[in-house]
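Trainee: Residue numbers (my numbering): 36 to 513. Cβ coordinates follow ideal geometry from the N, Cα and C atoms, glycine included.
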Amino acid sequence: FLALPAAFAVARGDTQRVDVTFLRAAPGQVQENLLIHCNDPESPVVSVRLSGKALSPVLAVASEAVSFDDVSFDELPRVGQREVRELTIANKGDGPLRIASLSVGGAAFSVMEEAAKVEAGETLQVQVLYTPQEAGEHEGVLPILSNDLEQPRLQVALSGATLGSRGPKIEADDGLDLGTVLLGNSGGAELTIRNSGDEELAIGLMSVDNDRFGLEEEKLVIPAGGSRGIPVTFVPDLVRVETGTLTLRSDDPLRPLVQVALAGRGEIPPEGQVSMDFHLASGDQGVRAVGGAEPGRVYGLQLHVNNAPAISGWSVTIEYDHDQVRYVKDSFQASGFIPGLVELVDEKSGTVSIGGTVLEADEGAAGDHALGMLSFELLEGFAESTDLVVQKIGFRRPDGSEEVFTVHSVATITSQALTGMLVGDFDGNDVVDFSDFFLFADHFMGDHPLYDLDGSGLVDFDDFFIFADHFGQEAGGG
36 FLALPAAFAV ARGDTQRVDV TFLRAAPGQV QENLLIHCND PESPVVSVRL SGKALSPVLA
96 VASEAVSFDD VSFDELPRVG QREVRELTIA NKGDGPLRIA SLSVGGAAFS VMEEAAKVEA
156 GETLQVQVLY TPQEAGEHEG VLPILSNDLE QPRLQVALSG ATLGSRGPKI EADDGLDLGT
216 VLLGNSGGAE LTIRNSGDEE LAIGLMSVDN DRFGLEEEKL VIPAGGSRGI PVTFVPDLVR
276 VETGTLTLRS DDPLRPLVQV ALAGRGEIPP EGQVSMDFHL ASGDQGVRAV GGAEPGRVYG
336 LQLHVNNAPA ISGWSVTIEY DHDQVRYVKD SFQASGFIPG LVELVDEKSG TVSIGGTVLE
396 ADEGAAGDHA LGMLSFELLE GFAESTDLVV QKIGFRRPDG SEEVFTVHSV ATITSQALTG
456 MLVGDFDGND VVDFSDFFLF ADHFMGDHPL YDLDGSGLVD FDDFFIFADH FGQEAGGG
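Written out as structure tokens, the structure reads:
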């Protein structure tokens with residue numbers, strides 16, 4: 036308290052006014068005594084009781100931090116996007132609160148108000164803005180300056196983050212080359228997908244737009260900081276470069292869709308050690324094509340192996356167009372190359388696998404030799420030309436091990452007239468003569484496909500008439 040004037044004289048019968056001022060040094064109730072010293076002999080000191088209560092504002096906030104990053108990673112704002120949060124400022128005192136300054140520290144943050152007055156018991160809603168101009172995480176402070184005597188400065192922490200600065204983050208190469216793969220084979224490679232984010236990455240769908248490429252899985256989850264190798268397969272059907280696009284759809288907020296370019300090359304396999312020969316005489320005559328073909332005709336062919344290792348069994352898979360040609364059931368006859376061979380035939384649509392094995396193998400057979408004979412019949416769908424293709428061969432060794440090779444050996448049946456193969460030249464000496472007649476006679480009324488010239492399944496008079504028409508002919512038209 037302050038009393039003025041501090042000293043004075045009062046004439047007899049007069050009065051003097053003294054002004055007492057209450058100075059608020061701190062909030063709360065205050066009581067003091069005002070002592071008046073005078074020359075009254077009976078009351079030299081007079082005490083006056085003074086009391087007062089300081090009305091003081093009290094600054095308070097609902098939260099000491101305003102967070103713009105307390106949401107799911109996929110709900111964070113993008114760069115340039117504005118987000119707004121409200122900060123509640125309260126006056127919990129009994130005097131008016133004057134906000135002198137609201138100034139934000141941090142380029143990404145701002146406030147709508149700069150100064151305000153809050154009555155006792157009231158609140159003020161302050162809008163805090165977050166407008167990031169750069170990607171990443173951001174921090175700032177909001178100092179509040181007021182007339183609160185005990186806490187004239189109160190600081191609120193600010194934080195924010197942009198979309199992609201938190202959560203999963205997918206990384207993958209732009210392309211994957213699966214290299215060169217032989218036709219009929221399957222190749223593969225791994226695409227590595229990495230998650231460099233701080234949360235689990237969920238890939239909900241993986242797809243490829245080219246059926247020549249395949250995936251073993253369509254969904255996966257990669258932990259934060261982890262990686263996974265995704266097997267991609269390639270099965271070419273033509274000699275050419277195949278391309279495709281692998282699409283990954285994930286919960287990465289910045290890259291929900293990632294595309295990877297795929298490439299692979301198909302290549303014709305080597306011819307291999309097994310060939311087909313339309314000339315059924317002993318030995319490989321090298322006749323890889325027959326002409327003058329028409330629907331209903333049956334063509335026999337021999338399989339020959341070149342430089343075979345020691346084997347106790349073998350298999351050959353022949354591919355063909357099932358709309359133009361069919362395998363003649365039960366036509367396969369194995370040669371005596373491997374004594375005691377148990378014949379096996381597996382016919383499917385468009386392929387036939389033939390071969391066999393011995394139940395108790397000894398040293399096996401090796402070298403060059405005929406493997407066996409089989410026949411094919413042309414169907415009504417035959418259109419000028421069709422190919423028979425040996426695509427796989429297998430060798431079983433005497434020790435039980437097996438080797439399988441992808442190959443590409445072709446024999447052609449065409450409607451065009453071809454030279455180089457005489458009908459009825461059974462011994463392969465380039466002339467249809469009596470030696471061929473004697474061979475034909477030995478097989479008359481049998482079913483050997485070499486002598487069944489009309490493909491009826493029986494060597495009969497119809498075949499004899501065909502043979503007679505060609506008797507005396509020589510290779511080259513002589």
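(1) Where does residue 504 fall in DSSP's three states?
(2) Going by Cα to Cα distance, which pick from 312, 319, 469 is closest to residue 325?
(3) So what's residue 218 in DSSP terms, helix, strand or just coil?
(4) Rounded to the nearest angstrom, what separates residue 74 and residue 85 at their Cα positions?
(5) Within the stretch 401-436, note down every full alpha helix (DSSP H) run reaching 4 residues or more, in order along the chain.
(6) Using alpha carbons as the reference points, say which of 107, 231, 443 lies closest to residue 304.
(7) To the nearest angstrom, how far is the alpha carbon of residue 78 from that of residue 51?
(8) Under a three-way DSSP split, which group does residue 95 fall into?
(9) Between which two residues does the beta strand (DSSP E) harbouring residue 273 extend?
(10) If you count every other CB in all the chains shown that lies within 10 Å of the CB of residue 169, and 16 or more means buried, which is it?
(11) What residues are listed by DSSP as bridge partners for residue 230?
(12) Check whether the stretch 217-228 and the stretch 178-197 touch, using three or more Cβ-Cβ pairs below 8 angstroms as the test.
(13) Do you know whose CA, among 391, 104, 260, lies nearest residue 236's CA?
(14) Taking just the CA atoms, how far does residue 90 sit from residue 124?
(15) Over the uninterrupted alpha helix (DSSP H) stretch that includes residue 474, give me the two end residues.
(16) What are the start and end residues of the beta strand (DSSP E) that includes residue 152?
(17) Please classify residue 367: does DSSP put it in a helix, a strand, or coil?
(18) Return the bridge partner residues of residue 144 from the DSSP annotation.
(19) In angstroms, rounded to a whole number, what distance separates the CA positions of residue 507 and residue 405?
(20) Of all the beta strand (DSSP E) runs that stay within the bounds of the stretch 87-139, which reach a length of 3 or more residues?
(21) What's the gap between the Cα of residue 265 and the Cα of residue 250?
(22) By how many angstroms is the C-alpha of residue 435 removed from the C-alpha of residue 19?
(23) Which term fits residue 294, buried or exposed, when burial requires 16 or more other beta carbons within 10 angstroms of its beta carbon?
(24) On a Cα-Cα basis, can you pick out the residue from 161, 151, 109 that is closest to residue 518?
(25) With distances taken Cα to Cα, identify the nearest neighbour of residue 216 among 121, 282, 441.
(26) Check for me: the beta strand (DSSP E) holding residue 196 runs from which residue to which?
(27) In terms of DSSP beta bridges, what is residue 446 paired with?
(28) For the beta strand (DSSP E) holding residue 493, just list the boundary residues, first then last.
(29) Report buried or exposed for residue 240, applying the criterion of at least 16 other Cβ atoms within 10 angstroms of its Cβ.
(30) For the ligand NAD, any of its heavy atoms closer than 8 angstroms to the Cβ of residue 165?
(31) Pull up the distance between the alpha-carbon of residue 247 and that of residue 212, whole angstroms please.
(32) Roughly how many angstroms lie between the CA atoms of residue 394 and residue 402, to the nearest whole one?
(33) With a CB to CB cut of under 6 angstroms and the five nearest residues on each side skipped, what residues in its chain are close to residue 198?
(34) Output needed for residue 359: all residues of its chain with C-beta closer than 8 angstroms, excluding positions within five of it in sequence on either side, in chain order.
(35) Check residue 498 in the structure and name its three-state DSSP category.
(36) By the DSSP assignment, the beta strand (DSSP E) with residue 56 in it spans what residues?
Mentor: Straight from the coordinates:
(1) Looking at residue 504 - three-state DSSP - the assignment turns out to be helix.
(2) The shortest C-alpha separation from residue 325 is found at 312.
(3) Coil at residue 218, not helix or strand.
(4) Those two C-alpha atoms are separated by around 23 angstroms.
(5) Here no run is fully enclosed.
(6) Closest in alpha carbon position to residue 304, among 107, 231, 443, is 443.
(7) Taking the CA atoms as reference points, residue 78 sits about 17 angstroms from residue 51.
(8) If DSSP states are grouped into helix, strand and coil, residue 95 belongs with the strands.
(9) Counting along the chain, no beta strand (DSSP E) covers residue 273, and no H or E run does either.
(10) The Cβ neighbour count for residue 169, taken over all protein chains shown within 10 Å, is under 16; the residue is labelled exposed.
(11) In DSSP, residue 230 forms a bridge with 205.
(12) The stretch 217-228 is not in contact with the stretch 178-197.
(13) Nearest option by C-alpha distance: 260.
(14) Looking at the two C-alpha atoms, the distance is approximately 19 angstroms.
(15) Counting along the chain, the unbroken alpha helix (DSSP H) around residue 474 starts and ends at 469-477.
(16) Note, residue 152: beta strand (DSSP E), 151-153.
(17) Secondary structure of residue 367 (DSSP, three-state): coil.
(18) Beta-bridge pairing links residue 144 to 165.
(19) Distance between the alpha carbons of residue 507 and residue 405 is about 28 angstroms.
(20) Taking only runs of at least 3 residues, the beta strand (DSSP E) segments lying wholly in the stretch 87-139 are 94-96, 100-102, 118-126, 132-137.
(21) Those two C-alpha atoms are separated by around 8 angstroms.
(22) The shown model of the chain, from 36 to 513, leaves out residue 19, and the question about it has no answer.
(23) It is exposed - the Cβ of residue 294 has fewer than 16 other Cβ atoms within 10 Å.
(24) Outside the shown range of the chain (36 to 513) lies residue 518, about which nothing can therefore be said.
(25) Of the listed residues, the one whose Cα sits closest to residue 216 is 441.
(26) Segment 188-196, the beta strand (DSSP E) holding residue 196.
(27) Residue 446 is bridged to 423.
(28) Counting along the chain, residue 493 sits inside no beta strand (DSSP E), nor does DSSP assign it H or E at all.
(29) Result: exposed.
(30) Absence of the ligand NAD is noted for the structure shown, with no ligands found whatsoever.
(31) Take the alpha-carbon of residue 247 and the one of residue 212: they are about 13 angstroms apart.
(32) Separation of residue 394 and residue 402 (C-alpha to C-alpha, rounded to the nearest whole angstrom) is 21 angstroms.
(33) Once the five neighbours on either side are set aside, the close Cβ partners of residue 198 are 111, 113, 288.
(34) Excluding positions up to five away in sequence, the list reads 413, 414, 416, 417, 418, 421.
(35) Residue 498: helix per DSSP, three-state reduction.
(36) 54-56 is the extent of the beta strand (DSSP E) around residue 56.
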